[in-house]
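A.B. asks: Just so we're on the same page, the numbering used here is the position in the sequence shown counted from 1, plus 365.
Positions of the beta carbon are idealized from the N, C-alpha and C atoms, including for glycine.
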Amino acid sequence: MDNMSDDVIYPLDISSLNRYFIQLISCADDYQFQELIRTFLPILIQSIEVQTDDFRKKAVEVFIHINKRVKTRPEIQIPVKSLLEIFTTSTQCSPFASNFSIMYIKMGFMRLKPDYQIELIPLLFQSLTNRSIPHQELLMGLIVYALQYVKIIPNMNENIIKYGLTDQPIIRNLFLNFLLNIILLPYKFEESKPRNTTRTTQRSYIEPSQAPVDEVLFSTMDDAPSKEAEVFKQPYPCMNEQLYNRITEAIQTDDLNQVEKLKVAILKFLNGNIYSENDIIFHFVLATADSRYSVVLAAEHDIKRLTVAVDWNSMQHVQSLFEFFLGTSKTIKQQNADLIRNPSNTRIRLKLYSYLLKSRTASTIFPHAIQILYESLFGNSTNVRIKYFSLQFAQNMIQNAELNSLVGVSKLILHALEKILITETNKTHDASRLRSLTYVLIGKLSYRVPKLFSDDIRLTQQFFEALKTEDNECCLNIQEALT
């Protein structure tokens, strides 16, 4: 049997295929079967390219037999490296042969020892060029699975050579975007509370170890999620259902704990200074909004170094901030359905605001800056902290925008500020802070666009009336605005 398996000659013909098929069926044990497919399977897939339809029909029959035996014997090793080399070097690989190659690469890779998986990462990178998106994503999923075992020593040139893809910028961007999508994978539908509701529903119980980070951090705040509040489902923040399904299929798991481990492995890998800060900054920013503590901890380990090195006024990063905050449907007019990103949720928006407020440019790009203001103040994914951040963002708009641009949106800004004074009427500390800053902003807006107020004394009268009812801090800010 061993001698016969070593004599497999390319290309196979129908008679030799039948002969080897009989050998496969006759294998007495798994070792014999494994040794035969080690040389036979790669040559069979290669032969498909040059043979007839009758040969291919017989090959499918052989594949079915191999699949039945291999799937029930997880200890049988598949010649992954040989299949990858064929897949990588073949310039005219038919869809038929490609699909079978990918099927066995996927099946066999997960059976390999970690050291051997790591060894195959460069070959997996090579195989990504000129492939269909489903094949690219599946191969990148295998790379991500192997990243769990990669031990990166920062600042080593060897890492950049092996994993940096410096000579393949398109593949590098594709891979980094794939990693970003894994980091964005939700563990469940995100639950948020709608505003202005008193009806109650029962919330599902969450184990303390898996409780969202923001519920732990903000549990003492007035805007913490209420146990008695009605909830609504907000699926796939910064993703969409189609993209979610593709990514989970590529990484071959929907186990939440495994997804968490993959995210941590990705962040540790990216922390090795293999890619530039500009390429990976949003991987870490978005990971700090994760609902699993281990992911947040891995992201925060290096986030300060990265954010200092990044220019938040660059249009590349400003556009990304807008896309993740608002979703691509509001920032990009034409987009493929599978590439559309939904708006972010409350947890992510809290993190994004830290960088929106650092960006002078972001506050001067209209209409996106106005969209962010209205989404933050009156949208579903908001809370007191986000509203306060949005007013600070409005202050940046008033201060930084060129006068001609500001005049064009001044009525929209004023309308939002007036609405805050109308809706935030509670006598709580948080509502008072919002109103107090709102009075200040109206004063600043009147200074830059006086014509907006010169023909309407209604707001001035409203300010004088407010002096009778507001607390001391608000009254001081009202007086400052009136002067």
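(1) Do three or more CB pairs link the segment 416 to 430 to the segment 485 to 500 at distances below 8 Å?
(2) Could you tell me the alpha carbon to alpha carbon distance between T653 and R438, rounded to whole angstroms?
(3) So, helix, strand or coil for P376, using DSSP?
(4) Please list the segments of the alpha helix (DSSP H) lying wholly inside the segment 798 to 823, counting only runs of 4 or more residues, in order along the chain.
(5) Helix, strand or coil: how does DSSP classify L360 here?
(6) Buried or exposed: where does D419 fall if 16 or more other Cβ atoms within 10 Å of its Cβ makes it buried?
(7) Helix, strand or coil for M604 per DSSP?
(8) Sorted by chain position, which residues of the same chain lie with C-beta nearer than 8 Å to I730's C-beta, five sequence neighbours on each side aside?
(9) Ends of the alpha helix (DSSP H) at K423?
(10) Can you tell me whether E767 is buried or exposed? The criterion is at least 16 other CB atoms within 10 Å of its CB, across all chains shown.
(11) Could you work out which residue in T711, L771, N678 and S797 is closest to Y720 when comparing CA atoms only?
(12) What's the call for P815, buried or exposed, on a 16-neighbour Cβ count within 10 Å?
(13) So, at 7 Å on beta carbons, what are the nonlocal neighbours of L806 in its own chain, with the 5 sequence-adjacent residues on each side left out?
(14) Could you check which residue in I639, P376, L742 and L504 has the C-alpha nearest to that of H780?
(15) How should L717 be labelled, buried or exposed, when 16 other C-beta atoms within 10 angstroms of its C-beta is the threshold for buried?
(16) CA-CA distance, D395 and L550?
(17) Please look up how many angstroms separate the CB atoms of L817 and T803, rounded, as I've assumed it's under 8 Å.
(18) Shortest alpha-carbon distance to L704 belongs to which of P444, P519 and I498?
(19) Are the beta-carbon atoms of I631 and V749 separated by less than 8 Å?
(20) State the Cα-Cα distance for the pair V661 and N546, rounded to the nearest angstrom.
(21) Note down, in chain order, each residue of its chain lying with its Cβ closer than 8 Å to the Cβ of I843, except the 5 sequence neighbours on either side.
(22) Report the option in L691, I535 and L771 whose CA atom is closest to the CA atom of Y739.
(23) Which of the three DSSP states is assigned to R496 in this structure?
(24) Could you spell out the range, first to last residue, of the alpha helix (DSSP H) harbouring S412?
(25) Using CA atoms only, rank isn't needed, just tell me which of L503, I535, D480 and N495 is closest to Y514.
(26) Within 10 angstroms of its Cβ, does N707 collect 16 or more other Cβ (buried), or is it exposed?
(27) From I751 to Q736, what distance separates their C-alpha atoms?
(28) Hey, could you find the ends of the alpha helix (DSSP H) K527 is sitting in?
(29) Using alpha carbons as the reference points, say which of N837, S659, L824 and I548 lies closest to I616.
(30) Taking C-beta to C-beta, are A674 and K633 nearer than 8 Å?
(31) Between S775 and the rest of its own chain, which residues show a CB-CB distance below 6 Å, the 5 nearest in sequence each way excluded?
(32) Using the three-state DSSP reduction, which class does T793 fall into: helix, strand or coil?
(33) For Y469, count neighbouring C-beta atoms within 10 Å of its own C-beta (all shown protein chains included) and say buried if the count is 16 or more, exposed if not.
(34) Ordered along the chain, which non-local residues of its own chain (more than five positions away) have a Cβ less than 8 Å from that of D587?
(35) Would DSSP call S364 helix, strand or coil?
(36) Is DSSP giving D644 helix, strand or coil here?
C.D. replies: Let me lay it out:
(1) no
(2) Taking the first residue of the sequence shown as position 1, residue 653 is located at position 288. Taking the first residue of the sequence shown as position 1, residue 438 is located at position 73. Taking the straight line from one Cα to the other gives about 41 Å.
(3) Within the sequence shown, numbered from 1, the residue matching residue 376 stands at position 11. Coil, per DSSP.
(4) 816 to 819
(5) The shown model of the chain, from 366 to 848, leaves out residue 360, and the question about it has no answer.
(6) Your numbering for residue 419 matches position 54 in the sequence shown. D419 should be labelled exposed.
(7) Along the sequence shown, one-based indexing puts residue 604 at 239. DSSP places M604 in coil when its eight states are reduced to three.
(8) The residue given as residue 730 occupies position 365 in the sequence shown. Only V683 and F687 meet the Cβ criterion.
(9) Here residue 423 refers to the residue found at position 58 when the sequence shown is read from its first residue. Note, K423: alpha helix (DSSP H), D418 to K436.
(10) As a position in the sequence shown, residue 767 is number 402, starting the count at 1. Exposed is the call here.
(11) For the purposes of this step, residue 720 is taken as the residue at position 355 of the sequence shown. For the residues T711, L771, N678 and S797, the minimum Cα distance to Y720 belongs to N678.
(12) The count along the sequence shown starts at 1 and reaches residue 815 at position 450. Looking at its Cβ environment, which holds fewer than 16 other Cβ atoms inside 10 Å, P815 is exposed.
(13) On the sequence shown, residue 806 is found 441 positions in, with the first residue counted as 1. Excluding positions up to five away in sequence, the list reads L756, A759, Q760, I763 and L782.
(14) Here the question's residue 780 lines up with position 415 in the sequence shown. Comparing Cα-Cα distances from H780 to each of I639, P376, L742 and L504, the minimum goes to L742.
(15) Translated into positions along the sequence shown, residue 717 becomes position 352. Buried, because 16 or more other Cβ atoms sit within 10 Å of the Cβ of L717.
(16) Reading the sequence shown from its first residue, position 30 is the one you call residue 395. Reading the sequence shown from its first residue, position 185 is the one you call residue 550. Cα-Cα distance, rounded: 38 Å.
(17) Position 452 of the sequence shown, counting from 1, holds the residue named residue 817. Position 438 of the sequence shown, counting from 1, holds the residue named residue 803. At roughly 15 Å, the Cβ-Cβ gap does not stay under 8 Å, so L817 and T803 are not in contact.
(18) Along the sequence shown, one-based indexing puts residue 704 at 339. Checking every option, the nearest Cα to that of L704 belongs to I498.
(19) Position 266 of the sequence shown holds residue 631. Position 384 of the sequence shown holds residue 749. No.
(20) Numbered from 1 along the sequence shown, position 296 holds the residue referred to as residue 661. Numbered from 1 along the sequence shown, position 181 holds the residue referred to as residue 546. Taking the straight line joining both Cα atoms gives about 16 Å.
(21) As a working note, residue 843 is residue 478 in the sequence shown. If we look at I843 and ignore the five residues flanking it on each side, its Cβ neighbours are Y804, F828, A831, L832 and E835.
(22) Reading the sequence shown from its first residue, position 374 is the one you call residue 739. Ranking L691, I535 and L771 by Cα distance to Y739 puts L691 first.
(23) For the purposes of this step, residue 496 is taken as the residue at position 131 of the sequence shown. Looking at R496 - three-state DSSP - the assignment turns out to be coil, as it is neither helix nor strand.
(24) In the sequence shown, residue 412 corresponds to position 47, counting from 1. Element bounds for S412: D395 to I413.
(25) Counting from 1 along the sequence shown, the entry for residue 514 is found at position 149. If we check each option's Cα against that of Y514, D480 comes out closest.
(26) By 1-based counting over the sequence shown, the position of residue 707 is 342. N707 should be labelled buried.
(27) The residue you call residue 751 lines up with position 386 of the sequence shown. The residue you call residue 736 lines up with position 371 of the sequence shown. Whole-angstrom Cα-Cα distance: 14 Å.
(28) Counting from one through the sequence shown, the residue named residue 527 turns up at place 162. Residues N522 to Y528.
(29) For the purposes of this step, residue 616 is taken as residue 251 along the sequence shown, with counting starting at 1. The residue with the shortest Cα to Cα distance from I616 is I548.
(30) Here residue 674 refers to the residue found at position 309 when the sequence shown is read from its first residue. Here residue 633 refers to the residue found at position 268 when the sequence shown is read from its first residue. Their beta carbons are not under 8 Å apart, which means A674 does not touch K633 by this criterion.
(31) Within the sequence shown, the letter at position 410 stands for residue 775. Taken in chain order, the residues that qualify are V814 and L817.
(32) In the sequence shown, residue 793 corresponds to position 428, counting from 1. Looking at T793 - three-state DSSP - the assignment turns out to be coil, as it is neither helix nor strand.
(33) Along the sequence shown, one-based indexing puts residue 469 at 104. Classification for Y469: buried.
(34) Looking up residue 587 in the sequence shown gives position 222. Interpretation of D587 is limited by its pLDDT of 42, a score under 50 that renders its predicted location unreliable; no figure is taken from the coordinates.
(35) This structure cannot speak to residue 364, because the chain is shown only from 366 to 848.
(36) Here residue 644 refers to the residue found at position 279 when the sequence shown is read from its first residue. It is helical.
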